[in-house]
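Asks: The structure is given below, and queries will be raised subsequently.
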Amino acid sequence: MIEPANTIVCVDCGGTCHLLTYPPEDGLWEPGDIVTYRCQDCTDRWDIVLTEEDVPDAEQDTTHW
Ligand SMILES: [Zn+2]
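Residue numbers for the sequence shown follow the numbering used here, so the first one is 2 and each next one is one higher.
Spelled out as structure tokens, the structure:
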């Protein structure tokens, strides 16, 4: 299961970009879905393609030996 971040950091100005795209009706995001962010500081728009790696925090930790 993957999920886009609610906000990302703007590559241009370092400001906060907020998610504009609404979740699918069934709440299930798919790899390849495009989500749009708008920067609150410079109003740039960013289109991000979701990948398998866009999982919520708990999934991102790798196991350490
Ligand atoms: Zn910006």
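Think of the CB as a built atom: it goes at the ideal place given N, C-alpha and C, for glycine as much as any other residue.
Remember, predicted model here, so these are calculated numbers, not experimental data.
1. Which residues in the same chain as GLU56 place their Cβ atom closer than 6 angstroms to its Cβ, once the five residues preceding and following it in sequence are excluded?
2. Is it buried or exposed for VAL10, if we count other Cβ within 10 angstroms and need 16 for buried?
3. So TRP30 is in the beta strand (DSSP E); what residue range does that whole segment cover?
4. Among ASP48, GLU26, ASP27, which residue has its Cα nearest to the Cα of GLY35?
5. What residues come near ligand 1, if near means a beta carbon less than 6 angstroms from any of its heavy atoms?
6. Beta-carbon separation of GLY33 and LEU21 under 9 angstroms?
Replies: The short version:
1. By 1-based counting over the sequence shown, the position of residue 56 is 55. For the record, residue 56 in the displayed sequence is Val; it is not Glu. Once the five neighbours on either side are set aside, the close Cβ partners of VAL56 are ILE3.
2. Counted from its first residue, the sequence shown places residue 10 at position 9. Exposed, since its Cβ has fewer than 16 Cβ neighbours within 10 Å.
3. Reading the sequence shown from its first residue, position 29 is the one you call residue 30. For TRP30, no beta strand (DSSP E) run applies, since DSSP gives it neither H nor E.
4. The residue labelled residue 35 in the question sits at position 34 within the sequence shown. Reading the sequence as shown, one finds Ile at residue 35 and not Gly. Cα-wise, what sits closest to ILE35 is ASP48.
5. This criterion selects CYS11, ASP13, CYS14, GLY16, CYS40, ASP42, CYS43, ASP45.
6. Taking the sequence shown and counting its residues from 1, one reaches residue 33 at position 32. Taking the sequence shown and counting its residues from 1, one reaches residue 21 at position 20. For GLY33 and LEU21, no; Cβs fall outside 9 angstroms.
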